[in-house]
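Participant: I'd like to ask you about the structure that follows.
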Amino acid sequence: MKIIKPRVGMFLKTLSLTMLCSASISAMADYPERSIKMIVAYGAGGGTDIAARTLAPYIEKYMGENVSIVIENKPGAGGEIGFTELAKASPDGYTIGFVNTPNLITIPIQRKARYSLADFTPIGNVVDDPGAFSVSINSQIKSLGDLVSYANEHPGKLTYGTTGIGGDDHLAALAFEKQTNIKMKHIPFKGSADVRTAALGEHIDLANMNMSEAIADGQEGNLLILGQMGESRWSEAPNVPTFMEQGYDVVSGSMRGLAAPAGLPSDIQKKLEKALEQAVSDPEFVSKAKEQNLPLSYMNSKDFGATLQRLHDTYNAIWTAEPWIKG
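Read in order, the letters of the sequence shown correspond to residues -29 to -1, 1 to 298 in mature numbering (1 follows the signal peptide of the UniProt record, and there is no 0).
So, in structure tokens, the structure goes:
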């Protein structure tokens, strides 16, 4: 008579795997169970920070009861410090980030970085913010034409501030220099709040920020906005002419959206994407965004991801043809 011995080890292994899978499914079903950290790769008070803090309560609202989102500013290196921390975080949904173009894309193109575009899971885009040139209200420069004349008279002396090398502001300034055959001096800062402070204090001649970051000072008479870089005038700034209207073919801006580390479980991604879509459609958020001068432009995860990849291919081709950093 043949005695069949029970394969206890195999049984226990199967049981363990079953329990592990059940626990994993349960954990995702209960997500989120604790606070969520949202990394902002720029300083407090800048356009990215303001947009993130305006949006966060409405994502909380649609993520479920007792959910809190904690903003954590990680400025520096044009956004690389914050983007790297987001990329290296655990893909469990408890660390997300408010990311910017083109910095998110251009940093790994222009130098050896600790992350790449493939290290992120796009959740959705929220803002598409055109660039702008602004000067102190006391400046002798009153138009883009004046700017070109001044730069020609003082080659290499006119200073302009941006949030970092390879950002939308910096690349737009390089495009403007190339078109007009002028040379300006670039002063990079950690964030737009620092650029604004330097411009108001007249420590730099020109502030190169996004429209959402300049419009309040423009409306209050602290800064003069020389031009906006959208294809058409933003509805909230109908009196500010575009660069194209003034004869300069410069169209530039910054998209700001939500992303998570690569490898995010699809269940969690869908929850975040749904909450974001509901948040940006919330009438109260739309009203708050208008108060904060945020140019809203929602994209879902798929469209945002495709746009990021398209921008990557475009900037990579530009860098290959003519690097924006020499040497």
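All C-beta atoms, glycine included, are put in the ideal place defined by N, C-alpha and C.
Please determine if the region 16 to 33 and the region 200 to 209 are in contact, where contact requires at least 3 C-beta pairs separated by less than 8 angstroms.
Facilitator: No, the region 16 to 33 is not in contact with the region 200 to 209.
Participant: Would you mind working out which of Pro236, Gly234, Met182, Asp253 sits nearest Met226, comparing C-alpha positions?
Facilitator: Per the Cα distances, Met182.
Participant: Tell me which residues share the same chain as Lys297 and place their Cβ nearer than 6 angstroms to its Cβ, disregarding the 5 neighbours each side in the sequence.
Facilitator: Contacts found: none.
Participant: Three-state secondary structure (DSSP) at Glu43?
Facilitator: In the structure shown, Glu43 sits in a strand (DSSP, three-state: E or B).
Participant: For the candidate residues Lys8, Thr19, Gly49, whose alpha-carbon lies nearest to that of Pro159?
Facilitator: Per the Cα distances, Gly49.
Participant: Mark Gly234 as exposed unless 16 or more other C-beta atoms lie within 10 angstroms of its C-beta, in which case mark it buried.
Facilitator: Exposed.
Participant: Please state the DSSP three-state secondary structure of Arg227.
Facilitator: Looking at Arg227 - three-state DSSP - the assignment turns out to be strand.
Participant: Taking the C-alpha atoms as reference points, what is the distance between Tyr121 and Arg281?
Facilitator: One C-alpha to the other measures close to 37 angstroms.
Participant: Taking Ala185 as the reference, give the member of Gly198, Phe69, Asn271 with the closest Cα.
Facilitator: For Ala185, the nearest C-alpha among the options comes from Gly198.
Participant: Just verifying my parser: in three-state terms, what is the DSSP assignment at Ala143?
Facilitator: Note: Ala143 maps to helix in three-state DSSP.
Participant: According to DSSP, Ile186 sits in a beta bridge with which residue or residues?
Facilitator: Partner(s): none; Ile186 has no beta bridge.
Participant: Please name the residue or residues paired with Ala178 in a DSSP beta bridge.
Facilitator: Ala178 is bridged to Ser105, Gly132.
Participant: Can the beta-carbon of Met9 be found less than 7 angstroms from the beta-carbon of Ile80?
Facilitator: The answer is no: Cβ separation not under 7 angstroms.
Participant: Where do the N-terminal and C-terminal ends of the beta strand (DSSP E) with Lys8 fall, by residue?
Facilitator: First-last of the beta strand (DSSP E) with Lys8: 7 to 11.
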